[in-house]
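These notes concern the structure reproduced below.
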Amino acid sequence: MASLVVCGAINWDISCFVERLPVPGEEITIKHITRVSGGTGGNVAVAAARILGARKVALIGALGKDDIARQQIAALEDEGVITEGIDHIVGEESGQAYILVDQTGQNVIASHLGANARLGLEHLNKVQVKQQLQECKGIVLTDPPLEVAEELINLAKRRAVPVLWDPGILISPNWEALQSLARQAEVLFLNETEANALLGTEELDMSLQKLKELGFGNHTVLKLGAQGAAMLEMASGLIVEISALPLKELGLNVINTVGCGDVFAGVFAAYHVMGSSLAQSLIMASVAAGLNATKPETRGSPDRASLEEVANRSCKLGFVLQERKLS
118 MASLVVCGAI NWDISCFVER LPVPGEEITI KHITRVSGGT GGNVAVAAAR
168 ILGARKVALI GALGKDDIAR QQIAALEDEG VITEGIDHIV GEESGQAYIL
218 VDQTGQNVIA SHLGANARLG LEHLNKVQVK QQLQECKGIV LTDPPLEVAE
268 ELINLAKRRA VPVLWDPGIL ISPNWEALQS LARQAEVLFL NETEANALLG
318 TEELDMSLQK LKELGFGNHT VLKLGAQGAA MLEMASGLIV EISALPLKEL
368 GLNVINTVGC GDVFAGVFAA YHVMGSSLAQ SLIMASVAAG LNATKPETRG
418 SPDRASLEEV ANRSCKLGFV LQERKLS
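Taking my numbering as reference, the numbering of the sequence shown is continuous, increasing by one, and the terminal residue is 444.
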């Protein structure tokens, strides 16, 4: 039985590693290329499965009927992800992402949604999908089509199942429509760019104030990259902060930041459905995202034992939560 259901994109990631990102009109040389499974939904599901175990995470998504789809299903099943909820769309290519990664790990991504954009409401009525949604203890949404996200939020509300939402690519064209739905998620994830686009700031006090003005009463988690992460609790006005994982002190270096936000969301959700507090989920998600950045692959998140071992070591290095009230 799936403890967690994830719904979002499944992409084939073509990552081009370069010395630096080009400016407009500039041609640069690629040092090497990797072609691996990715996509926000796929990445979140794999990160969660490495914590919860085999056949505990189900993925709802869409692929084409092509070689990429076959490789994607094999990769997900190797990770123990339940794939029966993945639809195969005739006449559509499986999703693909083209990524430039510089020597500091920073990246630029352009995605071809392909079959991901064809996931529809009718897919949620399939027997295996309905069963997964009836049995799960939590739902993670990344970037499914908006009507699918809305239906899943409504289904979760009827069952009193927590929804954790990382809307990502949906934000720019749909923020007004997203707001009423986003207020219904127990946890909303935003990265620095999204926080700036939506709130006009990534500064924590101002972000919390803006969210309260917009009528948000849930928990908003800001993924702040090298600055760490923060959780804003609207009802209490509490700001919970944690710094980035102390990689240097752990003898590690940043290689690639692609997928770190997905790992963060997947691990946060996994600990949440296991019964951990939101604060503890924030810690474990931050450790996992930091470790993912030290790997060249998009899905470089650790298993539960490795993650908790690093979390314990990091705590002794001062990697702890800081809490304060809105000033």
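Glycine residues also receive a C-beta, built at the ideal position from the N, C-alpha and C atoms.
Backbone CA spacing between residue i and residue j [nearest angstrom]
| i | j | result |
| --- | --- | --- |
| S393 | G255 | 13 Å |
| K329 | G378 | 24 Å |
| L241 | K247 | 6 Å |
| E264 | V135 | 38 Å |
| L287 | N233 | 13 Å |
| L138 | E293 | 32 Å |
| G219 | A277 | The sequence shown places Asp at residue 219, rather than the Gly named in the question. If I take the Cα positions, the gap works out to 43 Å. |
| G178 | I185 | 14 Å |
| L443 | A428 | 28 Å |
| T415 | N409 | 8 Å |
| D260 | G237 | 13 Å |
| A460 | V244 | Residue coverage of the chain in this structure runs from 118 to 444, which leaves residue 460 outside it and unanswerable. |
| Q188 | K148 | 25 Å |
| I372 | A162 | 22 Å |
| L367 | E268 | 43 Å |
| P493 | T221 | Absent from the structure is residue 493, since the part of the chain shown begins at 118 and ends at 444. |
| H229 | G159 | 15 Å |
| G170 | E144 | 44 Å |
| G354 | T157 | 30 Å |
| P262 | L434 | 42 Å |
DSSP three-state assignment for residue i, whether helix, strand or coil
| i | result |
| --- | --- |
| V163 | helix |
| T374 | coil |
| D322 | helix |
| R430 | helix |
| D260 | coil |
| I199 | strand |
| K365 | coil |
| K182 | coil |
| G332 | coil |
| K274 | helix |
| L412 | Before going on, a small fix: residue 412 reads as Lys here, not Leu. Of the three classes helix, strand and coil, the one that applies to K412 here is coil, per DSSP. |
| M348 | strand |
| A168 | The sequence given here has Ile at residue 168, not Ala. Helix at I168. |
| K173 | coil |
| T310 | helix |
| S403 | helix |
| F385 | helix |
| G392 | coil |
| Q301 | coil |
| T151 | strand |
| L193 | helix |
| I206 | coil |
| R187 | helix |
| V380 | helix |
| G212 | strand |
| L269 | helix |
7 Å CB neighbourhood of residue i in its chain, flanking five on each side removed
| i | result |
| --- | --- |
| A405 | A164, V380, F381, V384, S418, P419, L424 |
| V445 | Since the first residue shown for the chain is 118 and the last is 444, residue 445 is missing from the structure and cannot be characterised. |
| G407 | A361, L362, L364 |
| N224 | I216, L217, V218, T374, V375 |
| L295 | P284, L287, I288 |
| V454 | What the structure shows of the chain is the stretch from 118 to 444, and residue 454 is not part of that stretch, so it cannot be assessed. |
| A266 | L258, L298 |
Close-in-space but distant-in-sequence residues of the same chain around residue i (CB under 6 Å, 5 per side omitted)
| i | result |
| --- | --- |
| G345 | I359, S360, A361 |
| L193 | T200 |
| S403 | A346, I359 |
| L281 | V257, V304, A386 |
| L339 | L307, A312, A347 |
| A273 | I256, V280 |
| R152 | I131 |
| I270 | V280, L298, Q301 |
| L369 | T411 |
| P413 | I372, N373 |
Supposed close pair residue i, residue j - CB separation, criterion 8 Å
| i | j | result |
| --- | --- | --- |
| E440 | V357 | 5 Å |
| A422 | L121 | Wrong, their Cβ atoms sit about 19 Å apart, outside the cutoff. |
| E239 | M118 | Actually they are not in contact, since the Cβ atoms of E239 and M118 sit about 24 Å apart, beyond 8 Å. |
| E209 | R235 | 6 Å |
| G155 | A214 | 6 Å |
Same chain, Cβ closer than 8 Å to residue i, five either side skipped, listed in chain order
| i | result |
| --- | --- |
| Q397 | Y388 |
| M351 | L325, L328, K329, F333, G334, N335, H336, T337 |
| L180 | I127, A186, Q189, I190, I203, D204, H205, I206, S211, G212, A232 |
| L438 | V357, E358, I359, A396, L399, I400 |
| request: With a floor of 4 residues, list each alpha helix (DSSP H) that falls wholly inside the segment 216-264, ordered by position along the chain. | output: Entirely contained in the segment 216-264, the alpha helix (DSSP H) runs reaching 4 residues are, in chain order, 244-252.
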